[in-house]
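Chains U and P, in that order, give the protein sequences. In this text, residue positions in the first sequence follow my numbering: the first is 43, and each later residue adds one. In this text, residue positions in the second sequence follow my numbering: the first is 43, and each later residue adds one. Glycine included, every Cβ here is placed at the ideal spot set by N, Cα and C.
There are 2 protein chains.
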Amino acid sequence: MDIDAFRRQAHGMVDWMAEYLETVERYPVRAQVVPGEIAARLPTAPPAGPEPMERIFADFQADILPGITHWQHPSFFAFFPANASPPSVLAEMLTATLGANCMLWQTSPAGTELETRMMEWLGRMIGLPDGFYGVIQDTASSASLCALLTARERATGWRANEAGLGALGAEGVRLAAYVSEEAHSSIEKDAMIAGYGREGLRKIAAGDDFAMRVDALEQAVAADLAAGITPACVVATLGTTGVGGMDPLRPIAELCRRHGIFLHVDAAWAGSALILPEHRGMIDGVELADSFVFNPHKWLFTNFDCSAHFVRDPEALTRTLSVTPLYLQSRETGQVIDYRDWGVPLGRRFRALKLWFVIRAYGVEKLKTMIADHIAWAGELSEQIAAAPDFELMAPLSLGLVNFRYHPAGRDDESALDALNQRLLEQLNDSGRLYLTQNRVKGRYAIRFSIGQTATTRAHVQRAWGVIREAAAASG
Amino acid sequence: MDIDAFRRQAHGMVDWMAEYLETVERYPVRAQVVPGEIAARLPTAPPAGPEPMERIFADFQADILPGITHWQHPSFFAFFPANASPPSVLAEMLTATLGANCMLWQTSPAGTELETRMMEWLGRMIGLPDGFYGVIQDTASSASLCALLTARERATGWRANEAGLGALGAEGVRLAAYVSEEAHSSIEKDAMIAGYGREGLRKIAAGDDFAMRVDALEQAVAADLAAGITPACVVATLGTTGVGGMDPLRPIAELCRRHGIFLHVDAAWAGSALILPEHRGMIDGVELADSFVFNPHKWLFTNFDCSAHFVRDPEALTRTLSVTPLYLQSRETGQVIDYRDWGVPLGRRFRALKLWFVIRAYGVEKLKTMIADHIAWAGELSEQIAAAPDFELMAPLSLGLVNFRYHPAGRDDESALDALNQRLLEQLNDSGRLYLTQNRVKGRYAIRFSIGQTATTRAHVQRAWGVIREAAAASG
Chain U
43 MDIDAFRRQA HGMVDWMAEY LETVERYPVR AQVVPGEIAA RLPTAPPAGP EPMERIFADF
103 QADILPGITH WQHPSFFAFF PANASPPSVL AEMLTATLGA NCMLWQTSPA GTELETRMME
163 WLGRMIGLPD GFYGVIQDTA SSASLCALLT ARERATGWRA NEAGLGALGA EGVRLAAYVS
223 EEAHSSIEKD AMIAGYGREG LRKIAAGDDF AMRVDALEQA VAADLAAGIT PACVVATLGT
283 TGVGGMDPLR PIAELCRRHG IFLHVDAAWA GSALILPEHR GMIDGVELAD SFVFNPHKWL
343 FTNFDCSAHF VRDPEALTRT LSVTPLYLQS RETGQVIDYR DWGVPLGRRF RALKLWFVIR
403 AYGVEKLKTM IADHIAWAGE LSEQIAAAPD FELMAPLSLG LVNFRYHPAG RDDESALDAL
463 NQRLLEQLND SGRLYLTQNR VKGRYAIRFS IGQTATTRAH VQRAWGVIRE AAAASG
Chain P
43 MDIDAFRRQA HGMVDWMAEY LETVERYPVR AQVVPGEIAA RLPTAPPAGP EPMERIFADF
103 QADILPGITH WQHPSFFAFF PANASPPSVL AEMLTATLGA NCMLWQTSPA GTELETRMME
163 WLGRMIGLPD GFYGVIQDTA SSASLCALLT ARERATGWRA NEAGLGALGA EGVRLAAYVS
223 EEAHSSIEKD AMIAGYGREG LRKIAAGDDF AMRVDALEQA VAADLAAGIT PACVVATLGT
283 TGVGGMDPLR PIAELCRRHG IFLHVDAAWA GSALILPEHR GMIDGVELAD SFVFNPHKWL
343 FTNFDCSAHF VRDPEALTRT LSVTPLYLQS RETGQVIDYR DWGVPLGRRF RALKLWFVIR
403 AYGVEKLKTM IADHIAWAGE LSEQIAAAPD FELMAPLSLG LVNFRYHPAG RDDESALDAL
463 NQRLLEQLND SGRLYLTQNR VKGRYAIRFS IGQTATTRAH VQRAWGVIRE AAAASG
């Protein structure tokens with residue numbers, strides 16, 4: 043493909059992209075295809091000769107688009123948001139064109155220095171105290187893995203990477219990590235990867251407020267110490283996936299300090315709300331934490347992937363992750379940041395650019411307004427659900443996240459209610475008019491409504507609530 | 043930013059992108075800035091109010107571009123290539139606009155089914171035998187980590203994730219992994235992360251051909267077995283980073299089969315050359331391997347990140363990596379592929395689209411020609427170096443990779459030659475006219491010339507050779 047053809051095709055795609063963003067509401071939110079339906083349209087063998095881009099693009103529209111679940115749809119209320127935005131898409135266009143690998147400072151000085159600066163901006167924006175240093179990871183899963191690894195190293199006197207955990211185990215070294223039972227499954231996965239094992243991960247009971255119970259944490263730590271097991275890492279969650287629970291950071295942090303335990307804070311979703319000073323109560327005590335992660339790719343209008351990972355001691359992180367053969371050295375090694383030493387993969391996309399575009403194009407005040415709106419609309423919805431005779435909230439509102447169920451008067455059999463709500467959710471998602479996620483709250487099936495997409499307005503939330511009530515009433 | 047503004051800005055960027063790709067040769071290959079120079083241009087605080095995109099884009103050109111090392115420059119001969127292409131950039135534009143998260147089939151059925159099909163295409167294209175199942179990872183580092191983790195599970199009777207490596211170590215379980223001393227540093231990093239430890243990773247001696255010595259591997263395995271250590275994983279490299287050495291796959295695979303050792307093949311760079319049947323000798327025996335990785339983002343004209351990871355037993359991989367809370371279940375769970383269970387991070391970009399665009403836009407025959415050209419130009423360069431009186435090859439040509447040094451007649455002090463070549467390399471890279479990487483080959487400093495960028499032609503390689511000769515002659 044020559045450059046003239048590229049220019050022509052790219053202009054055509056821009057028109058399509060703009061139209062898509064303008065008309066995304068016309069699509070069903072969740073793809074309405076069955077397994078295998080898209081695959082059946084795709085040839086089993088690659089073409090020997092070139093195909094014209096016109097045909098490829100036409101096939102994209104005809105064969106791929108029907109199988110897309112539209113995450114940027116304003117009625118996407120499932121999971122957590124992954125809200126992109128026009129400035130972010132523009133930056134991704136440039137990033138793809140430059141095709142730079144930001145593994146070393148030298149392989150992209152601007153990529154590295156913009157990343158450092160953007161992480162400083164984000165830190166200020168969310169009210170993180172001085173003394174944290176940032177890096178962009180792909181996901182919070184990866185950031186939390188880095189935390190568990192750093193903790194592992196610190197707790198073993200920097201011997202785990204060298205000796206291996208099996209050899210340390212033979213010496214009697216045993217490590218434990220601690221997390222709320224409400225925490226995200228990625229922590230369990232990370233603990234498996236990092237060699238703690240599921241049995242080395244203590245799932246600490248949460249209270250009625252869905253927050254980790256500090257007394258239970260204290261007991262678990264004491265029990266491990268008594269058993270000769272080293273408490274290596276606590277992961278505190280701000281905004282649990284199910285209901286948005288907030289672990290009490292300061293007492294947890296104080297406990298970690300007392301025992302010399304590495305404290306990682308997973309605020310993957312809720313962290314974006316920290317740009318609103320009125321929500322900063324949740325990070326009271328964060329100055330005592332060792333690391334902190336939140337995802338601008340969730341709720342800060344920045345394309346996936348962009349996870350903001352802050353650490354107090356970068357040297358501990360790089361000591362854990364750095365391996366430097368000659369071909370990865372540069373004459374600047376040691377005098378600059380080589381972000382490859384701050385995460386698992388070697389290669390790194392130029393992800394700072396989209397943050398720069400988003401933050402500047404909106405400005406901090408507008409970003410605040412957009413997130414405050416999401417939270418306000420969730421508040422309104424939550425009140426409406428609480429007031430509706432046949433619905434009930436299953437957990438207190440948390441930022442943009444509402445858990446509820448349909449509970450018609452007089453129908454109190456819990457299993458029947460579970461089944462009723464499961465049918466209702468499937469029916470709603472099958473309608474294509476909105477997309478929600480199932481949950482269990484204290485053992486009972488709940489419908490989870492998460493507000494945060496870029497194009498979502500109050501009207502979309504209210505329309506969704508209308509659709510839910512109608513479908514519920516019709517479900518009998 | 044409203045959609046009309048987005049459309050206008052995006053059209054403007056497309057014109058810039060086309061011009062950039064057309065004129066990228068005018069830039070110095072390696073950024074000519076000093077540490078801190080770009081950061082000094084960036085405000086330390088984010089703006090409160092919105093800034094016009096015109097200004098942001100102007101700043102991108104004025105303040106960011108001078109700090110970019112131009113990976114898509116035709117005279118980029120450093121590291122390994124990361125060759126993007128116009129069709130790939132077009133696909134990235136659409137991917138960014140859709141903003142879909144391909145973690146589950148349901149969250150993007152087309153993303154999942156296209157990924158499966160593209161991995162089938164790639165498998166056919168590189169001559170991989172039937173019986174491998176593919177997934178796109180971000181990097182080969184991550185794919186190899188998955189391999190070491192799966193091997194860890196298999197070697198411990200699927201107990202490591204559950205019990206943790208420390209507990210198993212206390213029972214006397216010890217694991218070892220094996221890799222050539224010439225292998226990429228990511229394997230060492232992965233072995234640290236996965237808990238084998240540096241001491242659990244045996245770096246097997248390579249022969250004069252830079253390939254792992256099978257007799258040395260056999261001895262290491264026997265020594266471990268004798269010591270009660272379980273050989274868990276061998277990582278064979280096809281195309282080592284330094285000189286492109288090829289581990290002898292069939293005898294290694296047969297050894298692994300005999301001992302029940304998991305065999306992972308790291309062909310991150312060289313794998314793309316397998317689309318040429320004449321280079322398939324290197325995968326003789328791959329039908330006995332457990333997993334295989336190569337990076338279309340290196341040498342198959344597909345934007346980073348796109349690493350093609352094939353496994354023989356997907357159930358072993360997902361058993362190793364799957365953790366499924368209710369909020370990540372869907373009614374299709376178990377009947378479809380949820381690729382989140384095939385890798386470390388939960389969230390996943392829609393990376394299959396760019397492969398579809400690239401393979402169709404070029405067609406397999408054209409892709410073969412492009413890679414065959416790179417290899418031919420490297421061959422020509424290699425012959426010229428061998429014939430030049432004051433230069434010498436430091437390793438045999440391997441595909442597009444040439445290692446050489448300047449060695450003027452009569453100057454045979456090895457340390458002096460190291461220093462001379464180091465100065466020469468710095469001088470060449472400082473010129474901005476080309477970009478090369480340093481290496482050490484059997485202890486001696488070498489200059490590493492890697493051919494594979496999309497816009498590179500024979501003329502660029504020849505011009506670079508001229509620049510090198512001139513600079514060497516001038517260096518005295």
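Where F346(U) sits in the DSSP three-state scheme: coil
Proximity test, Cβ basis, 8 Å: F304(U) and chain P: no
Residue-chain proximity (P367(P), chain U), Cβ-Cβ < 8 Å: Any Cβ of chain U closer than 8 Å to the Cβ of P367(P) would place that residue at the interface, and such an atom is present.
Contact between the segment 203-214 of chain P and the segment 409-421 of chain P (3+ Cβ pairs under 8 Å): Result no; under three Cβ-Cβ pairs closer than 8 Å.
CB of N337(P) within 8 Å of CB of M234(U), strictly: It is not a contact, given that the beta carbons lie outside the stated cut-off.
The segment 432-454 of chain U: positions lying closer than 9 Å to chain P by Cβ: none
C-beta neighbour in chain P for W311(U), strict 8 Å: no
C-beta neighbour in chain P for D57(U), strict 8 Å: yes
For N445(U), the residue or residues it bridges with in DSSP: DSSP lists R490(U) as partners of N445(U).
K231(U) in three-state terms, based on DSSP: Helix, per DSSP.
Through-space distance from L342(P) to A126(P), alpha-carbon basis: 8 Å
Residue-chain proximity (R300(U), chain P), Cβ-Cβ < 8 Å: Cβ-Cβ to chain P under 8 Å: no for R300(U).
E528(U) vs A248(U) beta-carbon contact at 8 Å: This structure leaves residue 528(U) out entirely; chain U is present only between 43 and 518.
Bounding residues of the alpha helix (DSSP H) (the contiguous stretch that carries V406(U)): 406-429
Chain P within 8 Å of Q469(U), Cβ atoms only: Chain P places no beta carbon closer than 8 Å to that of Q469(U), leaving this residue out of the contacts.
Proximity test, Cβ basis, 8 Å: E93(U) and chain P: yes
Amino acids of chain P, ordered along the chain, whose beta-carbon sits closer than 8 Å to that of A212(U): Residues of chain P passing the Cβ test: G211, A212, G214, R216.
Nearest candidate by alpha-carbon position, reference I229(P), set P128(P), A100(P), L190(P), V131(P): L190(P)
Nearest to A81(P) (by Cα), restricted to the options A420(U), W147(U), P88(U): Ranked by Cα distance from A81(P), the options A420(U), W147(U), P88(U) are led by W147(U).
Helix, strand or coil at S440(P) [DSSP, three-state]: strand
Residue-level contact to chain U via CB, H53(P), 8 Å cutoff: yes
Every unbroken alpha helix (DSSP H) inside the segment 366-412 of chain P [4 residues or more]: 394-404
Reduced DSSP secondary structure (H/G/I, E/B, other) of N545(U): What is shown of chain U runs 43 to 518, which leaves residue 545(U) out entirely.
Neighbouring residues, chain P, relative to G508(U) (Cβ below 9 Å): What G508(U) touches in chain P: nothing, since even the nearest Cβ is about 24 Å away.
Three-state class that DSSP yields for T272(P) in the structure shown: strand
Interface flag, R361(U) vs chain P, CB-CB below 8 Å: So, not an interface residue.
Proximal residues to M160(U) (C-beta, below 7 Å), its chain only, five neighbours per side dropped: A394, L397, W398
Span of the beta strand (DSSP E), counted from its first residue to its last, around S127(U): Careful: S127(U) lies outside any beta strand (DSSP E) and carries neither H nor E.
Per-residue contacts from D347(P) into chain U (C-beta, under 7 Å): G389, R391
Run of the beta strand (DSSP E) containing G176(U), from where it starts to where it stops: 175-179
Within-8 Å CB hit, L191(U) to chain P: By this cut-off, L191(U) is an interface position.
Nearest residue (CA-CA) to T375(P), options A124(P), P431(P), M145(P), G169(P): M145(P)
Supposed close pair T479(P), F121(P) - CB separation, criterion 8 Å: 5 Å
Spatial neighbours of T360(U) in its chain, beta-carbon cut-off 6 Å, leaving aside the 5 residues before and after: D383
Same chain, Cβ closer than 6 Å to T149(P), five either side skipped, listed in chain order: N143
Per-residue contacts from A124(P) into chain U (C-beta, under 9 Å): The answer, in chain order, is G141, A142, N143, G389.
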